[in-house]
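> Going by my numbering, the residue at position 27 of the sequence shown is 32; the numbering climbs one at a time, nothing skipped.
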Amino acid sequence: MRRTEATYLLMETKNSDWKMEEEKKKKKIRGEIRRREGRLSAAEVLGSMEKISLHKINYSAVWSTFLKAFVGCLSLLLIRWGFRQRGYEGSTPLPSVTAFMAGIYFVLSMILKGVLDEYSESSRLPLLVATGVIQYRETWQMFTTEKKVMEISAVLGDMVQSLIDGISHPRSGITTIDEILDTIEKLHGFHVELSMDDTWNTTSACIDLGRQISHIRTLILRADHVARATYLPISFSLSWLIVTSTTVVLLGVEYSTWEQEYTLLPCLVMFVYLFVLFASEMDDPFNIYSSISVSMESLENLQKAIESWTSSPVVAM
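#1: For the structure I just gave you, are there three or more beta carbon pairs, one from the segment 95-107 and one from the segment 198-217, closer than 8 Å?
#2: Which partner residues does Val-258 have in the DSSP bridge list?
#3: So, is Gly-162 buried or exposed, given that buried needs 16 or more other C-beta atoms within 10 angstroms?
#4: Based on Cα-Cα distance, which residue from Leu-269, Val-134 and Ile-293 lies nearest to Ser-65?
#5: Classify Arg-85: buried if its beta carbon has 16 or more other beta carbons within 10 angstroms, exposed otherwise.
#6: In terms of residues, what are the limits of the alpha helix (DSSP H) holding Ser-295?
#7: Please determine, among Met-301, Ile-311 and Ser-313, the residue with the shortest C-alpha to C-alpha distance to Ser-58.
#8: Do the segment 134-153 and the segment 169-177 make contact, defined as three or more Cβ pairs closer than 8 Å?
#9: Put His-220 into one of helix, strand or coil per three-state DSSP.
#10: Please look up how many angstroms separate the CB atoms of Leu-255 and Leu-81, rounded, as I've assumed it's under 8 Å.
#11: Would you mind working out which of Leu-282, Ser-316, Gln-217 and Val-138 sits nearest Trp-2, comparing C-alpha positions?
#12: Between Ala-284 and Leu-117, how many whole angstroms is the CB-CB distance? I'm expecting something under 8 Å.
#13: Relative to the C-alpha of Val-231, which residue among Thr-315, Leu-192 and Ser-128 is closest?
#14: Excluding sequence positions up to five away, which residues of its chain have a Cβ less than 6 Å from the Cβ of Ser-167?
#15: Does the segment 211-226 touch the segment 248-264, meaning 3 or more C-beta pairs lie closer than 8 Å?
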C-alpha cells in the first residue's frame, strides 16, 4: 500500500513538472509569435517602461545656462575692477555680506523646494497615465468582444497621441487638452452603451471603468495645470529681485585679499545665478527646450504598443 501511494505521488509530481514545462513552451511560442507580428502584451509594455528614464536632459540648454551665469559672474568682476580703477575698494564688511547671503540662500531654497516638489510629481504623471490606460483596456477585455476592444484601443491611441503632441508643443500647457477631453467623453459613451446591455449585470463594470477613466482625466488635467501655472505667481519677479540685490551688495563688499575677491566672489555669484536660472526652467516640467524636462518615453512606448494592438488581432494569453 505504501509503495502504491509513493508511486502515485511520484507520478503526480512528474505530471506536474511536465505540465509546467509544457506551459513554459507555450508561453515562449506565443511570445515568439507576438515578436514576429510586431505585437506586444501589456506585461511587455509595462516591463519596458520600468527601464526608461523619467527625465530628459537638453545638454545645449544646460551649457547655455552655465554660459549665462558665467557671463554674469565675469561682468560683476569687470565692474569691480572698474570701480577699483576709480579708487573705490568697497566698504561693506564681509561678515555682514555673509549674513545677507545666508538669508538669500534660505529664500531661494524655499522657492526651489516648491518647484522640485511639483517637478517630482510631474515626472511620474506620464508613467501613471500609461499604466492607467493599460489597466483600462485590460478591464474592457474582460467584458466585451475582441472587435470592441480594438475599437476602444484605437480611441485610446488617439488620446495618447494627442497628449504627446500637446505636451511637446512650445506653448505652455497641453495645447490639445480639448481634444483629449472630447476623446474621454467618447469613451464615456462606450460606458453608457455597455450599461444598456441587459444580458448581464453591467453596473459594477461601468462603475469600475468610469473610476479608471476619471483617474486618467485627473492626471492629465493636473499635468496641464502644472505646465500652465507657475509655482508662485511672483516667483519670476522675486527671483530676479534677489539676483539684482545680491549683485549690488557684492559689488560693494570689502575684501582683505585678492584671493577672496577672485575665488569667493565668483562662487557666490555663480551659485545664486544658477539657482535662479535652473529654478525658472524647472517651473515648467514639460518644456522640452529647458535644461531638464519630463520624459515622454513611457507614453511613446504605449503609443507604439497600441498601434500594434489595433493593427493585428489580440493573442489570447
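Where is the CB? At the ideal position from N, CA and C, for every residue including glycine. Remember, predicted model here, so these are calculated numbers, not experimental data.
In short, the structure shows the following:
#1: The segment 95-107 and the segment 198-217 do not touch, with fewer than 3 CB-CB distances between them shorter than 8 Å.
#2: Taking the sequence shown and counting its residues from 1, one reaches residue 258 at position 253. DSSP output for Val-258 lists Thr-97 as bridge partner(s).
#3: Position 157 of the sequence shown holds residue 162. Gly-162 counts as buried, since at least 16 other C-beta atoms from the protein chains shown sit within 10 angstroms of its C-beta.
#4: For the purposes of this step, residue 65 is identified with residue 60 of the sequence shown, where counting begins at 1. Closest option to Ser-65, Cα to Cα, is Ile-293.
#5: The residue given as residue 85 occupies position 80 in the sequence shown. When all chains shown are included, Arg-85 counts as buried.
#6: To locate residue 295, count along the sequence shown from 1; it is residue 290. No alpha helix (DSSP H) holds Ser-295; DSSP gives it neither H nor E.
#7: As a working note, residue 58 is residue 53 in the sequence shown. Of Met-301, Ile-311 and Ser-313, the residue nearest in Cα terms is Met-301.
#8: Fewer than three Cβ pairs drawn from the segment 134-153 and the segment 169-177 lie within less than 8 Å of each other, which leaves the two stretches out of contact.
#9: Mapped onto the sequence shown, residue 220 falls at position 215. Here His-220 carries a helix assignment [DSSP, helix/strand/coil].
#10: In the sequence shown, residue 255 corresponds to position 250, counting from 1. In the sequence shown, residue 81 corresponds to position 76, counting from 1. With a Cβ gap of about 7 Å, Leu-255 and Leu-81 count as contacting.
#11: Since the first and last residues shown for the chain are 6 and 322, residue 2 lies out of range.
#12: In the sequence shown, the residue the question calls residue 284 occupies position 279. In the sequence shown, the residue the question calls residue 117 occupies position 112. Right, the Cβ-Cβ distance comes to about 5 Å (below 8 Å), so this counts as a contact.
#13: Along the sequence shown, one-based indexing puts residue 231 at 226. Distances from the alpha-carbon of Val-231 to those of Thr-315, Leu-192 and Ser-128 put Ser-128 closest.
#14: The residue you call residue 167 lines up with position 162 of the sequence shown. Cβ within range, chain order: Thr-181, Glu-184 and Ile-185.
#15: Output reads no: the segment 211-226 does not touch the segment 248-264.
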